[in-house]
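Here the sequence shown is numbered in this note's numbering, starting from 80 and rising by one per residue.
One structure is given below, encoded as C-alpha cells.
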Amino acid sequence: MKASTLIKIAHQYGTPVYVYDGDAMRSGVRTLKETLQGQVEVYYSIKANPAIAVCSLIRQAGVDGAEIASSGELKATIASGYDPKNLLFAGPGKTDEELSQAISAGVGQINAESVHEIRRIQAIAKELNKHQRVGIRVNPESDTSNSARISTSGAGQKFGINESQAISAIREISESSHLNFAGIHTMLGSQIISTETLVNNCKSTISMVIRIAHELNLPIPSVNFGGGLGVPHTKDDDQFDISDFGRELIQLVNEIKADQLFRECRFMIEPGRILVSKHGIYLAKVIDVKESEHSKIAVLDGGINHALLPITANQYQVEVINRKPTECTTPITIGGPLCTSADQWRSQVQLSDVQIGDLIAMYNSGAYGLTASMTKFLSRETPAEVLMIEGRVHLIRESSKPADVLRGQYVPSELQED
Ligand SMILES: Cc1ncc(COP(=O)(O)O)c(C=O)c1O
C-alpha cells in the first residue's frame, strides 16, 4: 500500500487505524487454493481476523468454508455469507448454549475436544432431534511442533483429546444415537515458518490417523491438519514458501489415499494468519519522543490495547511513512500509551529520526490484531478498520466513541451521591 494512501487514510479516519489490502488477501487465497489443487480443502480460521468484510472477501475468493471457535464467530461467519454446513466448530470451552446454537444452525462439523464434550453434543442433539457430524481434535503423543512460536499440543495442554483416548472417543461417537463420526483434527501450533516442521507435523498426523483407522478398522471421513502456517516478520526469519508446503502436502495426501481406509477421506487445513497477516497495516501517530540515558523512546497513540503482536513477536517491520527515510538512523524503542512495560512495539529499532506527529506503520498486522488485543485496558477507544479494494477505501468497522467506555456499566444506588 502506498504511503500517500496511508497518509490520506490516517487523515480521514484518524489514528490509530487498521488498513487491510483486500486485493492482496484475495490473491493470497487464490494462490493457496491453486497450490493445493483441490486435493486439500481450505477453511479460513476467522479468529485471525473476524471483521465480516474480511470474512466475506475471503469466502468470495474461494475458500471451502471457515473454522470458528465461539457463537460470536458463528454469527460473524453467517453474516459473512458462509453456508453453516461449510463450518468447522473447534475450541476447548464450548458451552451448551454454543453447541445448541451450532447444531440448530446446521454447522457441518463440530470437533470435540474432550470425551465429556462428545456426551454433551449427543445430549443436545438428541434434545433438538438432530443428527450432528462430530470429529475429534486429537492431541498427539509425539509433539513435533517444537519450532512453533505458539504451541497448542503436547503434554499438559488443554487442547483436544489425548491420542491414547482417541480410539475410545471415536467408538463413543459411532455408538451415539445422534452423532456421526466426521473425522480427525489436529492443530499443533501457530506461526510455524519452517516448511520442514509443518510437513513433519502433517507426517506425524498421518501416521497417527493410519494407526487409529487400522486399530478400529474404520474408514476415516476427514483429516484436518489445522492451521499454523506462519509469516516471516524479518529478513532473518525463514522465508516460508507456500508452494513448497503445498507440493509436499499433496504428495503425502496422495500416498495415504492408497490405503483403503482413506480412499474416500477429505483432507483439510484451517489457516488463519497466513491469509491475512501480511495484508494488514496498523497505523499510529507519535505522541511523544524522549531520551533516557543513551536510549531514545517514541510513544505512540496505540499499543497492546489494539494488538497482540507486541507481546508475541517483538520483531516485525516498522516504518515512518510520512517522510522520506533520512540517512541518519538512531536506535529507538517504540512504546504504546498504556501503563505497562509490556506495551512496547519494538525495542532499539533503527529508524530514521522519529519526530512527534510522525505516522508509524506496523506491517504484518492483519492477523490477531484488534481481535486479540486488550481493548478495555486504560479505557481508550478502539481503532477503525478500513479495507482497500481495487484502489477504493472502505470503512469496515467504526472506531469506538468516547461514551462507549461507560456503556453497560451501573453504579449501585448505595454508591450514588446527590
Ligand atoms: C483450532 C485452530 N485452528 C486454526 C487456527 C489458526 O491458526 P493460524 O492462524 O496459526 O493459522 C487456530 C489458532 O489458534 C486454532 O486454534
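Every residue gets a Cβ at the ideal spot worked out from N, C-alpha and C, and that includes glycine.
Bridge pairing for THR409: LEU430 [DSSP].
Relative to ligand 1, PRO129 has its C-beta separated by 7 Å or more from all heavy atoms. Approximately 6 Å separates the beta-carbon atoms of VAL108 and LEU354; this is inside 8 Å, confirming the contact. Taking ASP380 as reference, the option from GLN396, CYS418, ARG326, PHE260 with the minimal CA-CA separation is CYS418.
Straight through space, the alpha carbons of GLN318 and ASP422 are spaced by roughly 28 Å. Contact check for ILE348 and GLU294: beta-carbon distance about 25 Å, past the 8 Å limit, so the pair fails to qualify.
ALA377: member of the beta strand (DSSP E) spanning 374-379, first to last residue.
Between VAL194 and ALA248, the beta carbon gap of about 5 Å places them in contact (Cβ cut-off 8 Å). PRO350 and TYR123 have their C-alpha atoms spaced approximately 6 Å apart.
In this structure, the C-beta of LYS314 stays at least 7 Å away from each heavy atom of ligand 1. Taking the Cα positions, HIS312 is about 7 Å away from GLN396. In this structure, LEU153 sits away from MET104, with a CB-CB distance that is not shorter than 8 Å. Using a cutoff of 7 Å, the CB of ALA446 counts as near ligand 1, since one of the ligand's heavy atoms is closer than that. Here PHE346 carries a strand assignment [DSSP, helix/strand/coil]. In the assembly as shown, GLY185 is an exposed residue. Its beta-carbon has fewer than 16 other beta-carbons within 10 Å.
If you draw a straight line from the Cα of PRO298 to the Cα of LEU328, it comes to about 20 Å.
When DSSP states are grouped into helix, strand and coil, ALA386 belongs to the coil group.
With respect to ARG352, LEU308 sits close: the two C-beta atoms are nearer than 8 Å. Residue pairing for LYS336: DSSP places it in no beta bridge. The beta carbon of MET467 sits closer than 8 Å to the beta carbons of MET80, THR84, VAL98, TYR99, ASP100, GLY101, ASP102, HIS473 from its chain, once the five residues preceding and following it are set aside; these are given in chain order. By the C-beta criterion, the stretch 445-453 is judged not to be in contact with the stretch 427-434, since fewer than 3 inter-stretch pairs fall below 8 Å.
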